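Numbering (the working numbering), first residue to last: 975 to 1520. Heads up, the beta-carbon is just placed ideally off N, CA and C, and yes, glycines get one too. Note that this is a predicted model, so its numbers are computed, not measured. To start, the structure under review is shown below, and the notes come after it.
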Amino acid sequence: MSTLNETVPQMQFLDDRIPQLAAGTYQIEVEHNILDVSHDIKGNYALGQQFIVQGPRFALPPNSVQAQFPTPGSGTDFHASLPFVVLRNEFLPWSRKIGGIPADTPWMALMVFRVNEIAYTKPANADASPTLSTIRPVKTEVVKYNANNTIGPDIELDAIEQSLLSLQANTIDVTYGTFKQLAPKAAELPFLAHVRSTDNGANAPDGETNMRSYATILANRLANPATEELYIAHLVSLEGWANYLPGGTPPQPVADTTKLRLVSLLSWKFNNKKAGVNFGQLINTMSVDTLKMPFNPPAAWGADESKYTPAQKETTKKYKEGYVALNYDARTGEKSFAWYRGPFVPVVPSVISRLVPKEEDGLYKTYISTADKAMIYDADTGIFNHSYAVAWELGRMLTLGNRPAAIAIWQWKKASLQKLQTLWRILADRQKKIHYLQSTEVKLGLTALLDGLDWRQVSDDLMDNQAGKYIFMEYLGNELGKHILGIEKEPVISVLDPTGLQEHLDDLPGVLSNAEILEALQNGVDPHVLIANKLDEALKLYADKQ
975 MSTLNETVPQ
985 MQFLDDRIPQ
995 LAAGTYQIEV
1005 EHNILDVSHD
1015 IKGNYALGQQ
1025 FIVQGPRFAL
1035 PPNSVQAQFP
1045 TPGSGTDFHA
1055 SLPFVVLRNE
1065 FLPWSRKIGG
1075 IPADTPWMAL
1085 MVFRVNEIAY
1095 TKPANADASP
1105 TLSTIRPVKT
1115 EVVKYNANNT
1125 IGPDIELDAI
1135 EQSLLSLQAN
1145 TIDVTYGTFK
1155 QLAPKAAELP
1165 FLAHVRSTDN
1175 GANAPDGETN
1185 MRSYATILAN
1195 RLANPATEEL
1205 YIAHLVSLEG
1215 WANYLPGGTP
1225 PQPVADTTKL
1235 RLVSLLSWKF
1245 NNKKAGVNFG
1255 QLINTMSVDT
1265 LKMPFNPPAA
1275 WGADESKYTP
1285 AQKETTKKYK
1295 EGYVALNYDA
1305 RTGEKSFAWY
1315 RGPFVPVVPS
1325 VISRLVPKEE
1335 DGLYKTYIST
1345 ADKAMIYDAD
1355 TGIFNHSYAV
1365 AWELGRMLTL
1375 GNRPAAIAIW
1385 QWKKASLQKL
1395 QTLWRILADR
1405 QKKIHYLQST
1415 EVKLGLTALL
1425 DGLDWRQVSD
1435 DLMDNQAGKY
1445 IFMEYLGNEL
1455 GKHILGIEKE
1465 PVISVLDPTG
1475 LQEHLDDLPG
1485 VLSNAEILEA
1495 LQNGVDPHVL
1505 IANKLDEALK
1515 LYADKQ
């Protein structure tokens, strides 16, 4: 049977996830001062060790990106939704520090450009880059670069980076004037990055824990809803550009036409579509009449509704209440029409007294078992209203269309039918037995059976109706059943003992069958003594096997 997964994933938002040590070069100094007067030992001993904490700086590792919005290459109306990128490493946006800015400030930003906002020159011997970026050597054309009216980030390479001969990075050139307009302010950066911790419950991929954390970087730019054009998103490094952010003061005067060479860690392009009708516009211009069937009375009726006939007034009223007249083919063959209105028509329906739910044991119930019982007949007009009947049938079909619910209903009906069949067999056998017991032959046989018992030998704890019950049931199962059905097998056992336990009583030393109890009573033997003897025999057999 199909089961529904009721585990609900949960999400927690965090401001940031700052690592204990940011990426960079560190120096450990250990100093030990020794002073021993008795041995005249004096001296200061010091030792230093430099180490480097590495992290992504000029490129992202493979599989670093979990999701991007808008989807690369898509056409999306994002005039009301900020682009974003989700990173698998929740520490990455805070793994480095930007000089002069608090530690909770991310060192990267997601910037969105139009094509004409990036200064780009197509290489002479290669195709143009789709995102207008260029791969350049870091040491000679990026870090501290200052030539051709272009400046690079003023940052220091660590020893490992200095040793790499082919260190390269994707870069874009943006004028200082454009950068000031599009880049976020330093105070805005903490609000454009956050961490999402999600508990996927039973939906976690194989090999992963249920709890996962991701870093999300938001852009600070929305598209123009009135135009359709290409946009390019770049996840850029802000290392070395803290003083160039809006509101900052560069270390030296910079013209707006000067180009800044930014390291692009990730880039993709997408098209913006013109904004369509939004939800607010739909609500403000919506009229309830649009959800009704338009009704224009025939010209012959006239414009004065007060002069309408009763039938014309009733028809007009029904249409105003959201009803429509649909063809109706009765089961008896007549062809007519019936009123119908759907559940979403914005008109309060009229109350039908016999369809009002009744409260019973705290639950509201309607006693309608078929769609026909929900049909409403107007005796004055002779027309049916099938709205509730159709709703009942629609609910039935939706329920049966739900596979888990349909299977559960089918299994319930099957189990109920099996129980009814079993009960019918018991009742049928009982009626036959009652009829046969009334015959003279059976009465004489039962009397002789009961008279043959020596009741004085029966134990006191069995001197009640139990003895009679055992005898009567044994008679029903054996003697009477054979006479009625003409078979040797006990007919009642298959119904009263569906598990077949009665057939294996010989293997249970602590249990007596009805036949054994009857035989013990007839022979004047206490059944308790018989059980004790059987247990002793079983224990002896067990001891012999050991």
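Exposed is the label assigned to Met1185, since fewer than 16 other Cβ atoms lie within 10 Å of its Cβ. In the displayed model, Phe1052 falls within coil according to three-state DSSP, outside both helix and strand. Leaving aside the five residues that flank Val1060 on each side, the residues in its chain whose CB is nearer than 6 Å to its CB run, in chain order, Gln1040, Ala1041, Tyr1188 and Thr1190.
Taking C-beta separations shorter than 8 Å and ignoring five residues to either side along the sequence, the partners of Glu1367 in its chain run Ala1345, following chain order. Looking at the DSSP output, Asp1147 shares a beta bridge with Ala1093 and Arg1235.
In the DSSP secondary-structure assignment, Trp1313 is bridged to Ala1299 and Asn1359. Non-local beta-carbon contacts of Ile1002 in its own chain, meaning distances under 6 Å to residues more than five positions away in sequence, involve Gln1023 in chain order. Judged by DSSP secondary structure, Pro1284 falls within the alpha helix (DSSP H) whose first and last residues are Pro1284 to Lys1294.
With contacts defined by Cβ atoms closer than 8 Å, Thr1124 and Lys1233 form a contacting pair.
Taking Leu1192 as the centre and dropping the five residues before and after it, the same chain places the C-beta of Leu1056, Phe1058 and Leu1166 closer than 6 Å to its C-beta, in chain order. In the structure shown, the three-state DSSP call for Thr1373 is helix.
By the CB criterion at 8 Å, Ser1241 and Ser1137 fall outside the cutoff. Among the bridge pairs identified by DSSP, Lys1243 is matched with Ile1206. For Ala1041, the uninterrupted beta strand (DSSP E) segment begins and ends at Val1039 to Phe1043. CA-CA distance, Glu1288 to Asn1258, rounds to 32 Å. Between Glu1162 and the set Ile1075, Thr1223 and Asn1198, the nearest pair of CA atoms involves Ile1075. In chain order, Ile1008 place their CB closer than 7 Å to the CB of Gly1017, counting only its own chain and leaving out the 5 sequence neighbours on each side. If you check the CB distance, Leu1066 and Pro1036 do not come in under 8 Å.
The C-alpha of Val1364 is placed about 9 Å away from the C-alpha of Arg1315.
Straight through space, the alpha carbons of Gly998 and Val1027 are spaced by roughly 5 Å. Here Ala1167 carries a strand assignment [DSSP, helix/strand/coil].
Between Val1237 and Ala1143 a beta carbon distance of about 5 Å is seen, short of the 8 Å cut, so the two are scored as contacting. For Ile1350, the enclosing beta strand (DSSP E) covers residues Ile1350 to Asp1352. Under DSSP, Thr1172 shares a beta bridge with Met985 and Arg1186.
Ala1083 and Pro1378 have their C-alpha atoms some 48 Å from each other. In the three-state reduction of the DSSP assignment, Glu1003 falls in the strand class, which pools E and B. For Val1112, there is no enclosing beta strand (DSSP E); the residue is found in the alpha helix (DSSP H) stretching over Val1112 to Glu1115. Each residue's CA atom was taken as its position, placing Leu1021 and Pro1046 some 53 Å apart.
Sorting Glu1091, Arg1235 and Ile1134 by C-alpha distance to the C-alpha of Lys1118 places Arg1235 at the top.
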